[in-house]
Structures are given as C-alpha cells and as structure tokens.
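Sequential numbering of the sequence shown, starting at 1, is according to UniProt numbering.
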Amino acid sequence: MKFLDEAKIYLKSGDGGGGCISFRREKYIPFGGPDGGDGGRGGDVIFQADGHLNTLIDFRYKQHFKAKRGTHGMGSQCTGASAEALIIKVPVGTIIRDDADGTILVDMVEDGQQFLACKGGDGGRGNMHFKSSTNQAPRRADPGFPGEEMWVRLEMKLLADVGLVGMPNAGKSTLISKVSAAKPKIADYPFTTLQPNLGVVRVEMDHSFVMADIPGLIKGAHEGHGLGMFFLKHIERCAVLLHLVEIDSLEDDDPVSRFQTIEAELAGYSEQLAQKPRILVLSKADLLGEEDRQVVLSWFKERLGEAMPPVFILSSATGEGIEALVYHVGGMVKQWRLKQGKVGHALEDAPTRAGSKALRDEHAPSWQDDDDDDDDDDGVEVIWVRE
Numbered sequence: 001m002k003f004l005d006e007a008k009i010y011l012k013s014g015d016g017g018g019g020c021i022s023f024r025r026e027k028y029i030p031f032g033g034p035d036g037g038d039g040g041r042g043g044d045v046i047f048q049a050d051g052h053l054n055t056l057i058d059f060r061y062k063q064h065f066k067a068k069r070g071t072h073g074m075g076s077q078c079t080g081a082s083a084e085a086l087i088i089k090v091p092v093g094t095i096i097r098d099d100a101d102g103t104i105l106v107d108m109v110e111d112g113q114q115f116l117a118c119k120g121g122d123g124g125r126g127n128m129h130f131k132s133s134t135n136q137a138p139r140r141a142d143p144g145f146p147g148e149e150m151w152v153r154l155e156m157k158l159l160a161d162v163g164l165v166g167m168p169n170a171g172k173s174t175l176i177s178k179v180s181a182a183k184p185k186i187a188d189y190p191f192t193t194l195q196p197n198l199g200v201v202r203v204e205m206d207h208s209f210v211m212a213d214i215p216g217l218i219k220g221a222h223e224g225h226g227l228g229m230f231f232l233k234h235i236e237r238c239a240v241l242l243h244l245v246e247i248d249s250l251e252d253d254d255p256v257s258r259f260q261t262i263e264a265e266l267a268g269y270s271e272q273l274a275q276k277p278r279i280l281v282l283s284k285a286d287l288l289g290e291e292d293r294q295v296v297l298s299w300f301k302e303r304l305g306e307a308m309p310p311v312f313i314l315s316s317a318t319g320e321g322i323e324a325l326v327y328h329v330g331g332m333v334k335q336w337r338l339k340q341g342k343v344g345h346a347l348e349d350a351p352t353r354a355g356s357k358a359l360r361d362e363h364a365p366s367w368q369d370d371d372d373d374d375d376d377d378d379g380v381e382v383i384w385v386r387e
C-alpha cells in the first residue's frame, strides 16, 4: 500500500429540503387550511478516526465529498426525511485544517473519535407556519437552507511513543524489526527505508509502547534535502527519541560529527524536536572490540561533555544491549505517560472551528497479539520479561 500523509479535499453538507405548500382537502371540511410540512435537514459531514487506516491514499482519487440533501416537506403536515450523515474515515493521528487560513479544526487522536466538520442545512418551513388571522390560506413556503462548504487539508502524524532517528543505514530498521513485529525493508545501502514504519514493543505483560522508524536524515534535511524532512512530523508526538549512530569501524568518518549533524537538523526543523529527551544508541557494535568501543565513547564524552545523553551500545545482529535498551525506554515512556496524566498516549488538544462541535465516542484501543506472526503487519513479536 502506498503511503500518503497529506491531502486536500472539498466538503459540502446537504441542503435542507424545501417546505411544502399544501391545503387540507377533505369532504365536509370546506376550509381545511394549510397543511404543508417542513423540509428535512441536510446530511452532516463528519470525520471519524479509524485505527485500521494508516494512509490518506484514498483521498488521492476522490477529493470532493458532498452529503445528500433533505427530502422536501409534504402535505398533511408531513415533515421530509432528514438525510443521513456522510462519514469520512481518516487514520488516527490526522490533523484537519481549514485550508483558507490554516486553522487547526481538530486533531483526531482517538480511535472512533468523530468531528462535525460541516453541518447540514435546516429544512424550510411549510405553509402551515404562515397562517394568520389576516391570511387564512398562505401560499408561501421557505426553501431549504444551504449546507456548509469548505476546503480542508488533512495532515497525518503517526502516533508513536518512541522515534528512531539517524543517518541512512544506521540500523534503525533492523532495530525495530528485532523488538517488534514490524517488517521494514532492510538492505546494505542508504535510503532503504522510504516511508515510516511502526512497531509495537511489549516490555512486560501490562506495558508496551509504539516505536516509529522514519527514513534516514542527511545534512540539510530541514531545508528539504533527502527524504527525512518530509517525515520528521511523524516523530513530533514522540516522548523519546533514539538517535542511532553506527560505529562499525574506527577508520570511518567521525561518528561524533554525524551525531551533531543530525542533532542540528532536528533543531533546524523544530525547537520541539530539539528539546525532546533522547538516547544515544551506538549501533553495529559487534564489528568493534571492547577497546575500540571505549575509544568511541571517549570521543563522545570529550566533545559533548555535559550535553551527552544516556548511551547504549548494542548490536541488532547479536542482540547485545537490546534488552537493556527496551527496558530503559519502556521506563521513560511510562514516566512520561504518568506525567501527562494519561494511561495511553499523550493526546494533544486542538481548537475546533467556531460553530462546529466535536462528537467523541468513548473507545479504549488495545493491542493484542496473534498466535501466528508470519504475516502480521503489526502487533507484538518480541516480549521481554524479566526472569
């Protein structure tokens, strides 16, 4: 499935049905009077977050969404039927903006959450409402009121607790494949990862977190170079960043400079990313001996000083250091959730457009594992349990 995280679409709620001009005509009732009914309401346009969706690709082929209009009123004071609401499903984590001024209308952060984007027009009044002492037979009815219309921009941001960043070929995809059921493409050349990957990592039976792997960053990424700049927004919601730096050879270019280059790109993109807690992960350590590892560590300590984040040395090939990293990150995520006052993800509050209201369904998402992991695209593959 292709990955698309932005779309622009047109919304139009249904017009209200017109009121009816009708008069009661029955035997022995010569002056029955007006009995024209009201028109029905037009259909609303409602967005609904769906946890089974992970891309906005469907909006590439359809950009116009129009709800049906209400039925016209009828005689015998019969009100026309209201049109059904048009439900537009979007992935969880989608931000909906007014395309005219960029205002955030809503942030769809919960599975099943609903948002009323365009309210359907009210039905027109039938002629029974216009009867008066001076006008016993009114021949007047209101047309239905028009529905609301607008262009909106959809921006999808992945909901993840932990984000993996680093230069291409730093071992990010290999790490996420080892600790979760995610199956990203892995190869020995740069820019193998072309789109974000999500994996669920279960630390203990009652605690798990979501990890996101984005394409590798290069110098100038925040200015549009490479692929990573287009996907940095997907780690803006993360509580912790894991910065992977490969140390497969001491003869290679300076690993400290590579670390500082990526940190500069994160700061250039967003101050929010620059301030996030992070862990320095020295990957591919199985290719170095213990003495060489200590040499690399000394380089980081000398040049970073007090700004040096916590360091983990690991090898995804041998599994060295992975368990300790998972438990440490799991503890950081748990503390972050407690600080946010939420059991699950920290959900951002977003203002809604004046005149609209958000419709929310209480739904607690849960992660479950399958007995067969051969063809799973998500879920839990590796469970770390202290013995």
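Idealized CB from N, CA, C, for every residue including glycine. Just so we're clear, the structure is a prediction, and the values are computed from it rather than from any experiment.
query: Is the separation between the beta-carbon of Asp5 and that of Leu56 shorter than 8 angstroms?; result: yes
query: Would you be able to state if there are at least three C-beta pairs under 8 angstroms between the stretch 280-298 and the stretch 306-315?; result: yes
query: Would you mind working out which of Leu273, Leu86 and Phe59 sits nearest Val240, comparing C-alpha positions?; result: Leu273
query: By the three-class DSSP mapping on this structure, what secondary structure does Phe31 have?; result: coil
query: Among all the DSSP beta bridges, which residues are the ones paired with Glu246?; result: Ser283
query: Between Gly121 and Arg41, what straight-line distance do the alpha-carbon atoms span, to the nearest angstrom?; result: 6 angstroms
query: Would you mind stating whether Phe209 and Gly16 have Cβ atoms separated by less than 8 angstroms?; result: no
query: Here's the rule I'm using: 16 or more other beta-carbon atoms within 10 Å means buried, otherwise exposed. How should Asn54 be labelled?; result: buried
query: Out of Cys238, Val326 and Asp35, which one is the CA nearest neighbour of Gly160?; result: In the sequence as displayed, the identity of residue 160 is Ala instead of Gly. For Ala160, the nearest C-alpha among the options comes from Cys238.
query: Tell me the rounded alpha-carbon separation between Gly14 and Thr103.; result: 23 angstroms
query: Smallest Cα separation from Ala49: which of Leu338, Leu158, Asn169 and Ile214?; result: Leu158
query: Which same chain residues end up closer than 7 angstroms to Asp99 when comparing Cβ atoms and leaving out the 5 residues on each side of it in sequence?; result: Lys8, Trp151, Val152 and Arg153
query: Rounded to whole angstroms, how far is the Cβ of Ala117 from the Cβ of Val45, which I believe are closer than 8 angstroms?; result: 5 angstroms
query: By how many angstroms is the C-alpha of Gly126 removed from the C-alpha of Cys78?; result: 9 angstroms
query: Would Leu232 and Val162 be called neighbours here (beta carbons separated by less than 8 angstroms)?; result: no
query: Can you give the Cα-Cα distance for Thr174 and Lys119, rounded to whole angstroms?; result: 47 angstroms
query: What does the Cβ neighbour count give for Ser316, buried or exposed, with the cut at 16 atoms within 10 Å?; result: buried
query: Going by DSSP in three states, Asp58 sits in which element: helix, strand or coil?; result: helix
query: Cβ atoms of Val165 and Leu217: under 8 angstroms apart, would you say?; result: yes
query: Rounded to whole angstroms, how far is the Cβ of Val203 from the Cβ of Gly330, which I believe are closer than 8 angstroms?; result: 4 angstroms
query: List the DSSP bridge partners of Ala212.; result: Gly163 and Leu198
query: Is it right to say Gly33 is buried, meaning 16 or more other beta carbons lie within 10 angstroms of its own, or is it exposed?; result: exposed
query: Please state whether DSSP places His72 in a helix, a strand or coil.; result: coil
query: Contact check, Gly37 vs Ala83 under 8 angstroms by CB: the rounded distance?; result: Not confirmed; about 16 angstroms, so no contact.
query: Look at the alpha carbon of Gln335 and the alpha carbon of Gln260, and state the distance between them as a whole number of angstroms.; result: 27 angstroms
query: Rounded to the nearest angstrom, what separates Val326 and His234 at their Cα positions?; result: 21 angstroms
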